[in-house]
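In our numbering, the protein residues as written are 129 to 347.
Using N, Cα and C, we set each Cβ at its ideal position, and we do this for glycine too.
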């Protein structure tokens with residue numbers, strides 16, 4: 129039976145199991161042999177990363193051809209205008225071509241947001257805000273390039289959902305195993321991105337079948 133693991137990848141961790149420079153990797157978080165990341169989540173990004181030992185399943189999740197929606201919480205510099213959000217919804221022109229239309233809306237700072245280590249640089253003269261952005265592509269650093277293209281650079285990037293799977297109940301460094309089959313590509317996350325003021329993370333411990341107990345490690 130193929131295995132599918134959902135991990136809340138902390139900031140600063142590479143989305144791979146080995147590194148010849150001694151940087152933190154997935155091996156420090158997921159003690160499961162034979163699984164690999166389904167797609168990437170850059171070292172300076174956080175949030176949901178799917179891992180599996182099944183090649184076709186990894187391809188189904190990661191391949192842009194399947195257009196599986198991925199939803200991000202994005203902290204940006206400044207307060208996006210409705211014109212900027214409309215541009216993201218229509219698709220923006222990047223150096224490697226136009227993006228597909230995205231779902232974009234302003235949101236409050238998530239209630240379940242954990243502190244980042246190191247924290248985002250604070251500048252009193254420049255406000256920051258949050259948007260929820262759903263895309264169906266997988267270009268290199270695409271979300272960061274999209275928000276920069278409409279004039280609001282990304283400061284912090286957290287992937288909240290892949291298809292129907294979400295970060296709900298997972299603190300940074302925690303993981304859980306979920307059953308098959310995966311979410312279908314034409315569906316988005318069932319749970320809406322939460323809103324509200326910052327609050328402490330309250331991890332929900334969930335029994336993970338066929339796996340070692342979940343471990344938590346923040347960075």
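When the options are compared against residue i, the one with the closest alpha-carbon
i: residue 211; options: 193, 280, 296, 132; result: 280
i: residue 220; options: 137, 296, 271; result: 271
i: residue 370; options: 288, 261, 305, 269; result: In the structure as shown, the chain begins at 129 and stops at 347. Residue 370 is therefore absent and cannot be evaluated.
i: residue 138; options: 175, 202, 274, 224; result: 175
i: residue 173; options: 155, 141, 184; result: 141
i: residue 203; options: 244, 299, 150; result: 244
i: residue 195; options: 207, 247, 230, 274; result: 230
i: residue 253; options: 289, 207, 168, 197; result: 207
Distance, residue j Cα to residue i Cα
i: residue 177; j: residue 131; result: 14 Å
i: residue 199; j: residue 148; result: 31 Å
i: residue 163; j: residue 241; result: 28 Å
i: residue 134; j: residue 182; result: 14 Å
i: residue 293; j: residue 287; result: 11 Å
i: residue 285; j: residue 224; result: 21 Å
i: residue 307; j: residue 249; result: 39 Å
i: residue 205; j: residue 129; result: 45 Å
i: residue 146; j: residue 154; result: 8 Å
i: residue 295; j: residue 201; result: 11 Å
i: residue 263; j: residue 228; result: 8 Å
Beta-bridge partners of residue i, as assigned by DSSP
i: residue 263; result: 198
i: residue 136; result: 176
i: residue 203; result: 258, 284
i: residue 234; result: 259
i: residue 250; result: According to DSSP, which records beta bridges pairwise, residue 250 is partnered with nothing at all.
i: residue 290; result: 198, 293
i: residue 222; result: 225
i: residue 101; result: Limits of the chain in this structure are 129 at one end and 347 at the other, which puts residue 101 out of reach.
Chain-order list of residues whose beta-carbon lies under 7 Å from that of residue i (same chain, five-residue window excluded)
i: residue 158; result: 133, 135, 179, 303
i: residue 192; result: 265, 266
i: residue 169; result: 137, 143, 175, 177, 287
i: residue 255; result: 206, 207
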